[in-house]
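Working notes, structure below.
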């Protein structure tokens, strides 16, 4: 596959971070592409990893986001929150951002709103370093789901 075609196909796998697909160019098959993308993230410095995490939208927010995120959040029912759920998401998002300095990231595929809120309530208790790593793990999981959907 030509590089431009590869980047067009895989450049959006990691939210607003086409540098990851650029680093994976030449890998073939979704397992190898995913492994190369994960390696690119692992080799990145802390600031670049933080920028990757911050490129993700807050859950349950009304901000403009990548189409893949819109679909993923809708699949978990986040576009149909009750007023109480929406208020809790807003409060948790604010508290989480204040504590960690980045948005809460979770691969929502297969989860319900209650599952997500439960994880949110639990993970907000984590230490910053642990939550930073958890966010990256969740981003890799999201990337896997997105790659699998392309196959």
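Residue numbers (my numbering): 73 to 223. Quick reminder that beta carbons are idealized off the backbone N, C-alpha and C, glycines included. Bear in mind the structure is a predicted one, so any value in this text is a computation, not a measurement.
* To do: Just mark residue 73 as buried or exposed, buried being the case when its beta carbon has 16 or more other beta carbons within 10 Å.
  => By the 10 Å Cβ count, residue 73 comes out exposed.
* **the region 113-132 / the region 151-164 touching (three or more Cβ pairs under 8 Å)** => At 8 Å Cβ cutoff, the stretches touch.
* Assign residue 137 to one of three DSSP states: helix, strand, or coil. => With a pLDDT of 47 at residue 137, under the threshold of 50, the modelled position of that residue is not reliable, and no figure is offered here.
* **Span separating the alpha-carbon of residue 105 from that of residue 214** => Roughly 14 Å between the two C-alpha positions.
* To do: Kindly list the residues whose CB is nearer than 6 Å to the CB of residue 95, restricted to its own chain and excluding five residues on each side of it in sequence; keep chain order.
  => If you ignore the 5 residues before and after residue 95, its C-beta comes within less than 6 Å of the C-beta of 112, all in its own chain and listed in chain order.
* Buried or exposed by the 16-neighbour rule on C-beta atoms within 10 Å, applied to residue 223 -> With fewer than 16 other CB atoms across the displayed protein chains lying within 10 angstroms of its CB, residue 223 is exposed.
* **For residue 121 and residue 92, the rounded distance between their alpha carbons** => Straight-line spacing of the CA atoms in residue 92 and residue 121 works out to 11 Å.
* To do: Thinking residue 185 and residue 203 are a contact (beta carbons under 8 Å), I'd like their distance in whole angstroms, please.
  => That belief does not hold up - the Cβ atoms of residue 185 and residue 203 are roughly 21 Å apart, past 8 Å.
* **Inter-residue Cα distance where the pair is residue 182 and residue 152** => If you take the alpha carbons of residue 182 and residue 152, they lie about 16 Å apart.
* Collapsed DSSP secondary structure at residue 181 in the structure displayed -> Three-state result, residue 181: coil.
* Quick one, are the C-beta atoms of residue 208 and residue 102 less than 7 Å apart? -> Using a Cβ distance threshold of 7 Å, residue 208 and residue 102 do not count as a contacting pair.
* Asked: residue 172: which of 198, 114 and 79 sits nearest, CA to CA?
  -> The alpha carbon of residue 172 has as its nearest neighbour, out of 198, 114 and 79, the alpha carbon of 198.
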